[in-house]
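For the sequence shown, counting from 1, position 99 maps to 665 in our numbering; every step adds exactly one. Virtual Cβ for every residue (Gly too), placed ideally from N, Cα, C. Worksheet for the structure shown next.
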Amino acid sequence: APTASISIICGGTSAGIEPIPANIYTHKTLSGSFAVKNPYLERLLDEKGINTEAVWNSILEQEGSVQHLEALNEDEKGIFKTAFELDQRWVVELAADRAPEICQAQSLNLFIPGDVNKWDLHMLHWSAWERGVKSLYYLRSKSVQRAAFAGAEDKVEAVLDPNQPDLFSMPKTDYDECLACQ
Numbered sequence: 567a568p569t570a571s572i573s574i575i576c577g578g579t580s581a582g583i584e585p586i587p588a589n590i591y592t593h594k595t596l597s598g599s600f601a602v603k604n605p606y607l608e609r610l611l612d613e614k615g616i617n618t619e620a621v622w623n624s625i626l627e628q629e630g631s632v633q634h635l636e637a638l639n640e641d642e643k644g645i646f647k648t649a650f651e652l653d654q655r656w657v658v659e660l661a662a663d664r665a666p667e668i669c670q671a672q673s674l675n676l677f678i679p680g681d682v683n684k685w686d687l688h689m690l691h692w693s694a695w696e697r698g699v700k701s702l703y704y705l706r707s708k709s710v711q712r713a714a715f716a717g718a719e720d721k722v723e724a725v726l727d728p729n730q731p732d733l734f735s736m737p738k739t740d741y742d743e744c745l746a747c748q
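What follows is the structure, given as structure tokens:
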């Protein structure tokens, strides 16, 4: 699989099996920064006559998501889900399906919300191990405190959910080390 930079030079070729984290993002290089758009989404927006700067700005404001676009039907919204919008259990399932055909390992990244429940995260890893996934690579998450979009007219200060427990105030688990390390 190509590196991230080479994939952009090749016209947006995927850097591997990883789902895209956003349908538009800013790519920063030594020669400057530029917007990278999902070419397949761009083609669909062209066909619908809504390939405008305003639409792309709205996608950027929604962290690369198209789920808010009323012009897209549910199937189209499903096709263009970002990595953070996908159920990561399915990512693990698909990796497990590939695992028997892979000699060494696959570079599998998972995308989770910043406020993921500790048990859900554990079960995601457990199911990967249980299904025979040989390795997990990166665990990518978004910040719990998301900065307001720079172009937004109404700047809203991010606030933590008071109903969500603080990780540092959570009770200690009943084991001191990873069960695999015992």
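For residue 707, the closest alpha carbon among the candidates 624, 683, 613 and 576 is that of 683. Measuring C-alpha to C-alpha distances from residue 655 to each of 616, 621 and 695 identifies 695 as the nearest. Within the same chain, 632 come within 7 Å of residue 638 by CB-CB distance, once the 5 residues on both sides are set aside. Take residue 611, set aside five residues on each side of it, and the residues of its chain with a beta-carbon closer than 6 Å to its own are 617, in chain order. Bounds of the alpha helix (DSSP H) holding residue 657 are 654–664. Straight through space, the alpha carbons of residue 701 and residue 585 are spaced by roughly 17 Å. Under the DSSP assignment, residue 707 falls in the beta strand (DSSP E) whose first and last residues are 705–707.
When the Cα atoms are used, residue 607 and residue 575 turn out to be separated by approximately 18 Å. For residue 590 against residue 625, the beta-carbon gap comes to about 5 Å, under 8 Å, which counts as contact. For residue 691, the enclosing alpha helix (DSSP H) starts and ends at 684–696. For residue 602, the pairing in a beta bridge is given by DSSP as 591. DSSP places residue 625 inside the alpha helix (DSSP H), whose first and last residues are 619–627. Around the beta carbon of residue 674, a 10 Å sphere encloses 16 or more other beta carbons of the protein chains shown; the residue is thus reported as buried.
For residue 645, the enclosing alpha helix (DSSP H) covers residues 640–645. According to DSSP, residue pairing for residue 650 in a beta bridge does not occur. DSSP lists 707 as the bridge partner or partners of residue 678.
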